[in-house]
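Everything on this sheet refers to the single structure shown next.
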Amino acid sequence: MIMISRHVAIPDGEFEITAIRAQGAGGQHVNKTSTAIHLRFDIRASSLPEYYKERLLAASHHLISSDGVIVIKAQEYRSQELNREAALARLVAVIKELTTEQKNRRPTRPTRASKERRLVSKAQKSSVKALRGKVRGGRE
Numbered sequence: 023m024i025m026i027s028r029h030v031a032i033p034d035g036e037f038e039i040t041a042i043r044a045q046g047a048g049g050q051h052v053n054k055t056s057t058a059i060h061l062r063f064d065i066r067a068s069s070l071p072e073y074y075k076e077r078l079l080a081a082s083h084h085l086i087s088s089d090g091v092i093v094i095k096a097q098e099y100r101s102q103e104l105n106r107e108a109a110l111a112r113l114v115a116v117i118k119e120l121t122t123e124q125k126n127r128r129p130t131r132p133t134r135a136s137k138e139r140r141l142v143s144k145a146q147k148s149s150v151k152a153l154r155g156k157v158r159g160g161r162e
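Counting from 23, one number per residue, gives the positions in the sequence shown under the working numbering.
Here is the structure:
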């Protein structure tokens, strides 16, 4: 069982973990062992609360397919167990990221000091750029 929060958990039977061959360098080891993990989690068929399901299905995230399945491939480590833990950690992170409420931004105005700093900076840049012009009044 994977804990998402204090009140929400995902039973082990709700996600499908498959061991597959990893890609990339590694020589003979990577060619003969299935250390990469392919994790599939169907949002609609899960026991998550409706609020979580609605938020996940409404989100446009690159790990969520059009049919509402979260697909994660983990192949960072040489060990299957570490890749399994990494995939499950990523699943929890994606669910937490997409289901947390974003705080509303309270609009504020720039302070007087920040306006003054901006104007001083503009004046300095203007004077530097003015010095880049052609030199006049050479020796003749």
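Using N, Cα and C, we set each Cβ at its ideal position, and we do this for glycine too. These numbers were taken from a predicted model, which means no experiment stands behind them.
Give a yes or no on whether the C-beta atoms belonging to residue i and residue j are separated by under 7 Å.
{"i": "alanine 111", "j": "asparagine 105", "result": "no"}
{"i": "arginine 62", "j": "glutamate 36", "result": "no"}
{"i": "isoleucine 86", "j": "histidine 60", "result": "no"}
{"i": "threonine 121", "j": "arginine 154", "result": "no"}
{"i": "alanine 108", "j": "glutamate 123", "result": "no"}
{"i": "tyrosine 25", "j": "proline 33", "result": "A small fix is needed here, since residue 25 is methionine in this sequence, not tyrosine. Result no, Cβ atoms of methionine 25 and proline 33 do not sit closer than 7 Å."}
Report, in whole angstroms, the separation of the C-beta atoms of residue i and residue j, which I expect to be a contact under 8 Å.
{"i": "arginine 100", "j": "threonine 40", "result": "In fact, because the Cβ distance is near 18 Å, the residues do not count as touching under 8 Å."}
{"i": "isoleucine 65", "j": "valine 91", "result": "7 Å"}
Per DSSP, residue i is paired with what?
{"i": "aspartate 64", "result": "Val91"}
{"i": "methionine 25", "result": "Ala31"}
{"i": "isoleucine 86", "result": "Ile92"}
{"i": "threonine 40", "result": "His60"}
Does the distance between the C-beta of residue i and the nearest non-hydrogen atom of the ligand SAM fall short of 6 Å?
{"i": "glutamate 76", "result": "Absence of the ligand SAM from the depicted structure is noted, as is the absence of any ligand whatsoever, leaving it without description."}
Using the Cβ count rule (16 or more neighbours within 10 Å means buried), how would you classify residue i?
{"i": "leucine 141", "result": "exposed"}
{"i": "leucine 79", "result": "exposed"}
{"i": "glutamine 102", "result": "buried"}
{"i": "alanine 31", "result": "exposed"}
{"i": "alanine 47", "result": "exposed"}
Quiz item: So does the segment 64-81 actually touch the segment 117-133, counting three or more Cβ pairs closer than 8 Å?
Solution: Short answer: they touch.
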